[in-house]
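Line order of the protein sequences matches chains A and U. Under this note's numbering, the first sequence has 155 at position 155, and the numbering climbs by one with no breaks. In this note's numbering, each number is its position in the second sequence, counted from 1, plus 1000. Here the structure comes first, spelled out in structure tokens, and everything after it is commentary.
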Amino acid sequence: MALATAHHEAAHAPAHNHLAINRAGLWLFFFSETILFGLLLSARFYLEGIHREELNQALGLLITVILLLSSVTAYTAETAIEHDNKKVASWYLFFTIVLGLIFAGGVAYEWSIAHFHRSESFGSIFFTMTGIHATHVITGVFMLILVWAQALRGRYSSKNPWAVSAVVMYWHFVDVVWVFYYPALYLTK
Amino acid sequence: MYAVKSVAGAMGLGLIGFYLGLGIVAVLRWLFGYPDPWGGEINIIGGWVLGVFLWLMGIGMWGMWGREWFGLKTYQRNLPGWQRYFTFNTDHKVIGIQYLVTFMVVFFLAGALAMLMRAELAQSGNQFLSNSQYNGTMGLHGILMVAVAVAAVIGGIGNYAVPLMIGAQDMAFPRLNALTFWLVPPVAVGLLATPFLGGIEHGWTAYPPLSVFTNSSQVLFSLSIITFGLTSILGALNFIVTIIYMRAPGLTWGRLPIFVWSMFATSWIALLYTQGFAAALLLILLDRLGFSFFEASTGGDPLLYQHVFWFYSHPAVYIMVLPGFGLALEIIAHFSRKPLFAYKYAVAAFLGILGLSGVVWAHHMFTSGMPNYLHGPFLVATELISIPTGLIFLSALGTIWLGRLWLKPPMLFALAVIFNFACGGVTGIFLADVPTDIHLQDTYFVVAHFHYTIVGGEIFALFAAIYYYFPKMTGRMYSERLAKLHFWWMFIGFNATFFLMHLPGIKGMNRRIADFQSELDPLNLTISLAAFLLGASFLVFIWNMVYSWVRGPVAEANPWQVRTLEWQTTSPPPHENFPAPPVVRGGPYDYGVPGSIHATFPSAPSAGFAGAPAGGGQ
């Protein structure tokens, strides 16, 4: 039995390695997702060149600013957890959720006022790119809500920050994707 | 019988989820004011997503994983005996065997479909399949075999052997590993259900416009393959992290067994490119729902599909064949009782193929009508691949050279890999060169070529690995006589079938078509007979495996007297893999090098097999 326990400790990666392993896994997931988003971005230029239809520029700029802001609030939540500032972390997770929902609502509104249809090739591209991105945002909001609910109960601390930093890293990733998608969809021509 | 209850319950939950998903989409459509709440295919998509999710939760993901999301305590059921294989088990050895058995069953199913096709093709004209039934048979054979080729070696042998070879207790993400396996049953159900919706008419490549206008089985096809892609990506991610972080102390990159290196390169390819297939099929699904990516009349372009599709599906052939090469080199080194020749060049070859795999895809599209200026670059890039491939041959042949070959069944299969892939490589040159490819495109020459590379290169390696690891996995030994009979039978049947298949190809017989010119009748009859010979060889294999697993003599811990770590533990290994953590002291292949040691188990209590220096070279 003593042998079994000794082995148990050694063969499971050492504790300090766990965070590195989790981080590596998450980064690899981002690499893979980058290819998906990159393929759709390439498809946009392959089919349409730099042509685009008229879009609501004010709305586009607004939701972009909101998404960028949500990355700041997410970052604040992550830092707060690392400093064991649990109350601040919960609030900023909440702000991030709200900003994420506003962004998704903005995309939905943009869809409802778009004057092109999905059966035109720009429409296909526009709805697919924003749709896949918004799906990632909504997924992120779901995960943020789960993490927020746990954070309210004080489950995370500087010793146990992984769930918060993982969801925040994911949120930054989705944000960076939009940094490429926004100019490709709204600012060409 | 907890396992039976758990699987039945999960299936029930999956079905409930499927119908719930159908309903939810219908309600949403009604809320958004669509005239027809029952949209058909869009409802199936909703049903699939919810059905797969609830199936996973039901099979055990909820208890082991999902509860954690809500801050609840997770629990794990460790069942004894065969019941392990029917639950959400995180042991990499269990998952490896789950993958292997599942995909062997799929392999024989898809092989039976091939027999059906050859029976139809034994004579010109339609015998007993209608044209669309033939297309469905061919499409299902193709996609099932692609699934086998992608997952049997990586999911089965890779999952089983890699953690053992690197001296780890398990994979880096054990729960993720179990998740990837349990995504497979819905995929199998989805693909096997396609004949009931009319059959896959478009082959495994699903080119538009046919795939946009064909029957609804296409939706199941797309959803299954997107789900399967998820399996592939998550598995690849797991392998990369495992190989980077979980190696035993002293197991440096330069001492890594070559199979682990091949799995490392393969996993990067799977991780980065699989999204292409998923994206391509997603766009097909969207086009079926009224989008216009591939509809030329509204500004779409069918060639876009081919680019996105081959962006994955060419690298996919390296996903299939690199682990095969790794296994062949591994087995050749052990059974030649020599250090692996040009180890560093072989590693460079794997990484070189990884580097080149993403820039050669359009050689599948020379006749597609893509711009002519793309022909040259893709021709050159494709032929460049033969350089790293040649290095692998260099390593294999250099190892065999002056070695003391031990012609056990695994070694026979590994040597056949080298022979077969050389044939496949030579015919590949004709397909990479634009002028010859324009003549040979879409003929049986192509069929013969890729069966030589994938079946000859990978499936033979899969059988080599099964014969190599069978004693380790089951703790029992198979009949060597029957194994050798299987080898020669399969080798001759395979080469007869696919060598002859080049000939109608050169004469212009098109693949994917149920009928052909009657002048080719004698040739096709011969090919069909050879194919039945090949198919029958597997009966020997099945009998040998099933009988030996139940009744075979008990195997030793290290029947091949091999030095690598997986053989330095009991057969089958305990749950924690090793009785004590191994420490690696030298390379894995230094047979005959005086004083060389691969690994020791410093904290093992007795000087039994575990405490002794692992694997002295004979």
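Beta carbons are placed, not taken as given, at the ideal position from N, Cα and C, and that holds for glycine. Quick caveat, the model's predicted, so the values are computed rather than measured.
- Please check the pair residue 1599/U and residue 1568/U, which I expect to be a contact at CB under 8 Å, by giving their CB distance rounded to whole angstroms. About 7 Å; that satisfies the 8 Å criterion.
- Task: Spell out whether any CB of chain U is found under 9 Å from the CB atom of residue 77/A.
- Result: Chain U, which has no Cβ nearer than 9 Å to the Cβ of residue 77/A, makes this no.
- Query: Which whole-angstrom value describes the C-beta separation of residue 1309/U and residue 1278/U, a residue pair presumed to lie in contact below a C-beta threshold of 8 Å?
  - Reply: No, residue 1309/U and residue 1278/U are not in contact; Cβ-Cβ is about 10 Å, not under 8 Å.
- Message: Quick check on residue 1225/U - is its C-beta less than 9 Å from some C-beta in chain A?
- Response: Residue contact with chain A for residue 1225/U: absent (no Cβ-Cβ distance below 9 Å to any residue of chain A).
- Task: Give every residue of the same chain whose Cβ lies closer than 7 Å to the Cβ of residue 1473/U, excluding the five residues on either side of it in the sequence, and list them in chain order.
- Result: So the list reads 1097, 1160, 1572, once near-sequence residues are dropped.
- Message: Let's test the definition: count the other Cβ atoms within 10 Å of the Cβ of residue 1027/U and tell me whether it reaches 16, buried, or not, exposed.
- Response: Classification of residue 1027/U: exposed, given that the 10 Å Cβ count is below 16.
- Where the alpha helix (DSSP H) containing residue 134/A begins and where it ends: Residues 121-152.
- Message: Give me the DSSP bridge partner(s) of residue 1476/U.
- Response: DSSP, once it has assigned bridges, lists 1554/U as partnering residue 1476/U.
- Of all Cβ atoms in chain A, is any one closer than 9 Å to the Cβ of residue 1307/U? So, interface residue.
- What is the DSSP secondary structure of residue 65/A, counted as helix, strand or coil? The DSSP-derived three-state label of residue 65/A is helix.
- Query: Can you tell which of 1219/U, 1259/U, 1031/U has the C-alpha that lies nearest to the C-alpha of residue 1201/U?
  - Reply: Just measuring C-alpha positions, the residue of 1219/U, 1259/U, 1031/U sitting nearest residue 1201/U is 1219/U.
- Item | Beta-carbon neighbours of residue 30/A, restricted to chain U and to distances below 9 Å | The contacting residues do not exist; residue 30/A stays about 10 Å from chain U at best.
- If you measure from the beta carbon of residue 1311/U to each beta carbon in chain A, is any gap under 9 Å? At least one CB of chain A lies nearer than 9 Å to the CB of residue 1311/U.
- Message: In the DSSP output, which residue or residues are listed as bridge partners for residue 1443/U?
- Response: According to the DSSP secondary-structure assignment, residue 1443/U is paired through a beta bridge with 1510/U.
- Query: Using 8 Å as the Cβ pair cut-off and three pairs as the minimum, do the segment 1523-1531 of chain U and the segment 1501-1512 of chain U touch?
  - Reply: By the C-beta criterion, the segment 1523-1531 of chain U is judged to be in contact with the segment 1501-1512 of chain U, since at least 3 inter-stretch pairs fall below 8 Å.
- Query: In terms of alpha-carbon separation, which member of 1391/U, 1397/U, 1395/U, 1359/U lies closest to residue 1380/U?
  - Reply: If we check each option's Cα against that of residue 1380/U, 1359/U comes out closest.
- Could you say which of 1115/U, 1041/U, 1484/U lies nearest to residue 1464/U if we only look at CA atoms? Restricting attention to 1115/U, 1041/U, 1484/U, the CA atom closest to the CA of residue 1464/U is found in 1484/U.
- Give the DSSP-derived three-state secondary structure of residue 1090/U in the structure shown. Correct three-state label for residue 1090/U: coil.
- Message: Looking only at its chain, what residues have a beta carbon closer than 7 Å to the beta carbon of residue 6/A, apart from the 5 residues adjacent to it on each side?
- Response: Confidence at residue 6/A is low in this model, with a pLDDT of 35, below 50, so its placement is unreliable and the value that follows should be read with caution. Once the five neighbours on either side are set aside, residue 6/A has no close Cβ partner at all.
- Task: Measure the C-alpha to C-alpha separation of residue 190/A and residue 1180/U and round it to an integer number of angstroms.
- Result: In this structure chain A extends from 1 to 189, so residue 190/A is not present and cannot be described.
- Message: I'd like to know whether the C-beta of residue 52/A is nearer than 9 Å to at least one C-beta of chain U.
- Response: Interface with chain U (9 Å Cβ-Cβ cutoff): residue 52/A is excluded.
- Message: Out of 1516/U, 1505/U, 1248/U, 1299/U, which one is the CA nearest neighbour of residue 1442/U?
- Response: Of the candidates 1516/U, 1505/U, 1248/U, 1299/U, the one whose C-alpha sits nearest the C-alpha of residue 1442/U is 1505/U.
- Query: Got a sec: is the Cβ-Cβ distance from residue 1098/U to anything in chain A below 9 Å?
  - Reply: It does not; no Cβ of chain A falls within 9 Å.
- Query: Using a Cβ cut-off of 8 Å, which residues of the segment 1113-1131 of chain U contact any Cβ in chain A, in chain order?
  - Reply: Answer set for the segment 1113-1131 of chain U: empty.
- Task: Can you tell me which of the three DSSP states residue 1231/U falls into?
- Result: Of the three classes helix, strand and coil, the one that applies to residue 1231/U here is helix, per DSSP.
- Opposite residue 1599/U in the DSSP bridges: which residues? Residue 1599/U pairs with 1584/U.
- Task: Go ahead and pull the three-state DSSP assignment for residue 1628/U.
- Result: This structure leaves residue 1628/U out entirely; chain U is present only between 1001 and 1618.
- Query: What residues from chain A crowd round residue 1292/U, counting only those whose CB sits closer than 7 Å?
  - Reply: Result: 119, 120, 121, 124.
- Kindly list the residues whose CB is nearer than 8 Å to the CB of residue 1066/U, restricted to its own chain and excluding five residues on each side of it in sequence; keep chain order. Cβ within range, chain order: 1057.
- Query: Over what stretch of residues does the alpha helix (DSSP H) that includes residue 1277/U continue unbroken?
  - Reply: Per DSSP, the continuous alpha helix (DSSP H) segment holding residue 1277/U begins and ends at 1258-1288.
- Message: If I follow the unbroken alpha helix (DSSP H) through residue 1122/U, where does it start and stop?
- Response: In this chain, residue 1122/U is not harboured by any alpha helix (DSSP H), its DSSP state being neither H nor E.
- Query: To which residues of the same chain is residue 1249/U closer than 6 Å at the C-beta, ignoring the five residues directly before and after it?
  - Reply: Around residue 1249/U: 1583.
- Do you know how far the Cα of residue 1555/U is from the Cα of residue 12/A? Reliability of the predicted coordinates at residue 12/A is poor, the pLDDT of 47 falling under 50, and no value is obtained from them.
- Message: Can you tell me where the alpha helix (DSSP H) holding residue 1350/U begins and where it ends?
- Response: Residues 1343-1356.
- Item | Inter-residue CB distance, residue 1138/U and residue 1203/U (contact presumed, cutoff 8 Å) | So it is a contact: roughly 6 Å between Cβ atoms.
- By DSSP, does residue 1561/U sit in helix, in strand, or in coil? Correct three-state label for residue 1561/U: coil.
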